[in-house]
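In the numbering used here, the protein residues as written are 2 to 170.
All residues carry an ideal CB built from backbone N, CA and C; glycine is no exception.
Note that the structure is a prediction, hence the values are computed from the model and not measured.
A quick write-up on the structure given underneath.
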Amino acid sequence: MSITVESRDGATQPVLPLTWQPPAAPAAVSLLARAKRGLVEAAGESEPAPRLIAAYQSALRAAAGVLAARGRPHRGRSRPASVWVLLPSVAPEFAEWAAFFAANSAAHAAAQAGNTRRITADSADELLHRAGQFVELAHRVVHGGARTTRREAGRAAPCSTPRPRRTRG
């Protein structure tokens, strides 16, 4: 498909579509880089609680990166809100992800407080796997590849794909 424009003198010439994207917000890039480092740290943890904490923190940083890239919604003089509450209003395609991580916030808080009885290796592995998927989707938003659509985010939504099992030797 070719696009043409007509000049004042009546001549037409082809116009190339613009592919330039504005650079990503520095804060968004920094948060995403920290999220990726956190995933590496989480994967290296042998105990479930530190693995879960690091994975959850990575997801938080990635979500904050999306907010920094897309802009925080104006909420007037409202109280501070969780990133998981704000994310769907700025990036509706991440609503399912926000719900998933919000549902895991109590386990994260318990693990940080030292209450690790209910944190299993499987639950930590699950959160790490999902955080990795989420960080990858956030990377697409922050670095302006194609805008992540609801369909893409839904295809990789927290409940849509099986996760690999950690082998115990």
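### Query
Which value, in whole angstroms, describes the spacing of the CA atoms of residue 96 and residue 87?
10 Å
### Query
Smallest Cα separation from residue 67: which of 41, 103, 92 and 121?
92
### Outcome for residue 148 when other beta-carbon atoms lying within 10 angstroms are tallied against a minimum of 16
Bear in mind that the predicted position of residue 148 carries a pLDDT of just 49, short of 50, making it too unreliable to give a figure here.
### Message
For residue 69, tell me which candidate among 26, 139, 80 and 41 has the shortest Cα-Cα distance.
### Response
26
### Query
Below 8 Å between beta carbons: does that hold for residue 84 and residue 65?
yes
### Query
Taking 8 Å as the CB-CB cut-off, is residue 61 touching chain D?
Of the protein chains in this structure there is only one, and it is not chain D.
### Query
Between residue 136 and the rest of its own chain, which residues show a CB-CB distance below 8 Å, the 5 nearest in sequence each way excluded?
33, 36, 37, 40, 59, 60 and 63
### Counted within 10 angstroms of its Cβ, other Cβ atoms place residue 49 as buried (16 or more) or exposed
buried
### Query
Considering residue 107, what are the terminal residues of the alpha helix (DSSP H) in which it resides?
106-113
### Query
Out of curiosity, what's the CA-to-CA distance linking residue 44 and residue 129?
7 Å
### Query
Should residue 9 be labelled buried (16 or more other beta-carbon atoms within 10 Å of its own) or exposed?
exposed
### Query
In terms of residues, what are the limits of the alpha helix (DSSP H) holding residue 54?
49-71
### Query
Which stretch, first to last residue, makes up the alpha helix (DSSP H) that contains residue 140?
122-143
### Query
Is it the case that the Cβ atoms of residue 57 and residue 140 are separated by a distance below 8 Å?
no
### Rounded C-alpha distance that separates residue 112 from residue 118
9 Å
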